[in-house]
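**Q** Per the working numbering, the sequence shown starts with residue 3, numbered consecutively.
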Amino acid sequence: MSLTLIYPQPDFPGAQERLDGVLAHALAGREVTVLRRAEKLDGLAGKRLLFALPLGEWGCNGECLRILTRLRREPNLLEGCTAGLIADGASPLYTKSAAAELTLAANLAGCAFLGRPLVEGTGSLANFRIQAKNLGCGLIEAYDAAARELAQRLEGEVRAPLTRPNLLVLHASSHHTSNTMALWNKVRERLGDGVDCREIGLRNGTLSDCSGCPYTMCLHFGERGGCFYGGVMQEEVYPAVRSADALVMLCPNYNDALSANLTAFINRLTALFRQTRFYDKALFAIVVSGYSGGDIVARQLIAALNMNKSFYLPGRFALLETANDPGEALALPGMEGRLDAFAAHIQSTLCTP
Ligand SMILES: Cc1cc2nc3c(=O)[nH]c(=O)nc-3n(C[C@H](O)[C@H](O)[C@H](O)COP(=O)(O)O)c2cc1C
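(1) Just to confirm the assignment: which complete beta strand (DSSP E) runs, minimum length 3, are found wholly within the segment 167-223?
(2) Is Thr278 near ligand 1, going by C-beta to nearest heavy atom under 7 Å?
(3) Which of helix, strand or coil does DSSP assign to Tyr314?
(4) How is the beta strand (DSSP E) around Gly23 delimited, first residue to last?
(5) If I follow the unbroken beta strand (DSSP E) through Pro56, where does it start and stop?
(6) How far does the alpha helix (DSSP H) with Thr265 in it reach, from first residue to last?
(7) Between the C-alpha atoms of Val24 and Ile8, what's the straight-line distance to the nearest angstrom?
(8) Give me the residue from Thr351, Asp247 and Leu172 with the minimum Cα distance to Thr265.
(9) Looking at Phe115 and Asn263, is the spacing between their C-beta atoms short of 8 Å?
(10) Helix, strand or coil: how does DSSP classify Thr354 here?
(11) I'd like to confirm something about Ala325: is its beta-carbon nearer than 7 Å to some heavy atom of ligand 1, or not?
(12) What residues in its chain sit with their C-beta under 6 Å from that of Leu252, if we drop five residues either side in the sequence?
(13) Going by other Cβ atoms of all chains shown within 10 Å of its Cβ, with 16 needed for buried, is Glu122 buried or exposed?
(14) Please list the segments of the alpha helix (DSSP H) lying wholly inside the segment 61-140, counting only runs of 4 or more residues, in order along the chain.
(15) Exposed or buried, which one is Ala162 when buried takes at least 16 other CB atoms within 10 Å?
(16) Which residues does DSSP list as the beta-bridge partners of Cys253?
(17) Pick helix, strand or coil for Val34, following the three-state DSSP scheme.
(18) When you measure from the CB of Gly292 to every non-hydrogen atom of ligand 1, does any distance come out below 7 Å?
(19) From Asp247, Gly228, Val250 and Ala92, pick the residue whose C-alpha is nearest to that of Tyr240; which is it?
(20) Taking just the CA atoms, how far does Asp247 sit from Cys199?
(21) Assuming Arg50 contacts Glu157 (C-beta within less than 8 Å), just tell me the rounded distance between them.
(22) Can you check DSSP and say which residues form a bridge with Leu274?
(23) Give a yes or no on whether the C-beta atoms belonging to Arg270 and Cys215 are separated by under 8 Å.
(24) By Cβ distance, which residues of its chain are closer than 7 Å to Thr351, with the 5 residues on each side in sequence left out?
(25) If we call anything under 8 Å between Cβ atoms a contact, is Leu127 one with Ile142?
(26) By alpha-carbon positions, which one of Arg276, Tyr96 and Val250 ends up nearest to Cys62?
(27) For Ala259, does the three-state DSSP call read helix, strand or coil?
(28) At a cut-off of 7 Å, is Gly295 close to ligand 1 when judged by its beta-carbon and the heavy atoms of the ligand?
(29) Can you give the Cα-Cα distance for Trp60 and Ser93, rounded to whole angstroms?
(30) Between the segment 65-75 and the segment 30-48, do three or more beta carbon pairs fall short of 8 Å?
(31) The beta strand (DSSP E) spanning Ala320 covers which residue range?
(32) Any idea what DSSP makes of Leu334, helix, strand or coil?
(33) If you run the structure through DSSP and keep just helix, strand and coil, what is Leu341?
(34) Could you check whether Ile268 and Ala306 sit closer than 8 Å to each other, using their CB atoms as the reference points?
(35) Going by the DSSP bridge assignment, what does Thr6 pair with across the sheet?
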């Protein structure tokens with residue numbers, strides 16, 4: 003399938019030279035349409051998109067900001083698209099945050115993202131040290147290879163429809179009072195019998211955070227299907243993740259972040275990730291904030307589970323709501339319609355060819 007390269011013009015001269023070279027390597031021999039301005043993003047429904055962000059020293063790009071504005075203003079602009087990104091900067095900062103911000107906006111405009119959709123080129127390319135060592139090449143060659151592999155995956159991405167998908171639902175909330183649980187219960191009712199749901203509660207005391215074992219030790223335990231700490235993660239959660247077609251994260255906003263127990267789950271997933279990739283597993287989430295900031299939690303999920311841990315991100319992966327008191331979320335205006343739409347969306351993402 004042909005690719006559409008969305009390559010916002012940089013504000014500073016020279017900010018795109020390295021990226022020009024990487025893209026020439028990644029896209030050589032491929033059929034590519036290039037769009038450089040926000041006002042050109044029309045008629046893209048169903049396309050394969052490669053975003054390439056020249057971010058320079060300060061992580062800013064005015065055209066990128068205009069694209070972000072258009073995506074937020076037009077919630078169907080990228081309906082049915084699938085995308086990957088290359089973010090190129092001149093420092094070790096901003097590449098990941100700029101990419102995650104754009105990914106969330108594009109996702110809410112209907113765009114899906116491959117698992118591990120981001121290739122980052124930091125200023126010194128020190129982030130390619132391990133890949134370069136493994137490939138036996140220089141840093142820029144490792145960058146080129148990663149960008150080319152991304153373009154290849156984007157072109158070839160195919161998702162097989164499932165007849166009876168298997169959902170793993172993770173939460174760390176009290177069943178009686180939780181807004182996120184209340185919304186999930188209504189989504190589950192709407193999914194009906196055609197979808198198998200397994201819920202696991204990771205409340206305080208059930209899960210220790212990752213202890214940051216040395217790489218070889220993590221690999222050693224991971225290859226045996228476990229982790230140094232064992233416990234619920236090894237006995238219940240790893241096998242459930244392995245057999246799931248999709249992960250549903252139920253996330254109250256705690257200080258503009260995921261709660262500690264859900265963060266511990268993601269950190270502990272590293273041992274399983276050492277020996278397997280999750281490209282074929284979709285990520286969904288319900289995020290409830292008392293006041294504001296649901297986008298920050300959604301971005302954290304994108305960065306940790308889609309960009310780092312390789313879960314596939316379907317378009318509009320998260321239901322984002324604002325409610326504080328017990329019972330408040332279910333009583334929000336228009337909630338029934340949004341629950342209908344979210345449940346139908348999970349079902350069609352997993353079951354429709
Ligand atoms: C420890 C803690 C931190 C919180 N931090 C925030 C916050 O930073 N921003 C916000 O909007 N709401 C915050 N809240 C409110 C919750 O997000 C809100 O009550 C939500 O409905 C909780 O969902 P739950 O009932 O599923 O736990 C916080 C709540 C707790 C208990």
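Beta carbons are placed, not taken as given, at the ideal position from N, Cα and C, and that holds for glycine.
**A** Taking the geometry as given:
(1) 168-173 and 198-203
(2) no
(3) strand
(4) Note, Gly23: premise wrong, no beta strand (DSSP E); alpha helix (DSSP H) at Glu19 to Leu29.
(5) Bounds of the beta strand (DSSP E) holding Pro56 are Arg50 to Gly58.
(6) Ala262 to Arg270
(7) 14 Å
(8) Leu172
(9) no
(10) coil
(11) Checking the Cβ of Ala325 against ligand 1 gives yes.
(12) His173, Thr182, Trp186 and Ile288
(13) buried
(14) 64-75, 97-110 and 131-137
(15) exposed
(16) Val289
(17) Note: Val34 maps to strand in three-state DSSP.
(18) yes
(19) Gly228
(20) 10 Å
(21) 6 Å
(22) Its beta-bridge partners do not exist; DSSP assigns none.
(23) no
(24) Ala284 and Pro316
(25) yes
(26) Tyr96
(27) coil
(28) Checking every heavy atom of ligand 1 against the Cβ of Gly295, one is found closer than 7 Å.
(29) 8 Å
(30) Contact holds: three or more Cβ-Cβ distances are below 8 Å.
(31) Ala320 to Thr324
(32) coil
(33) Under the three-state reduction of DSSP, Leu341 is assigned to helix.
(34) yes
(35) Thr35 and Leu51
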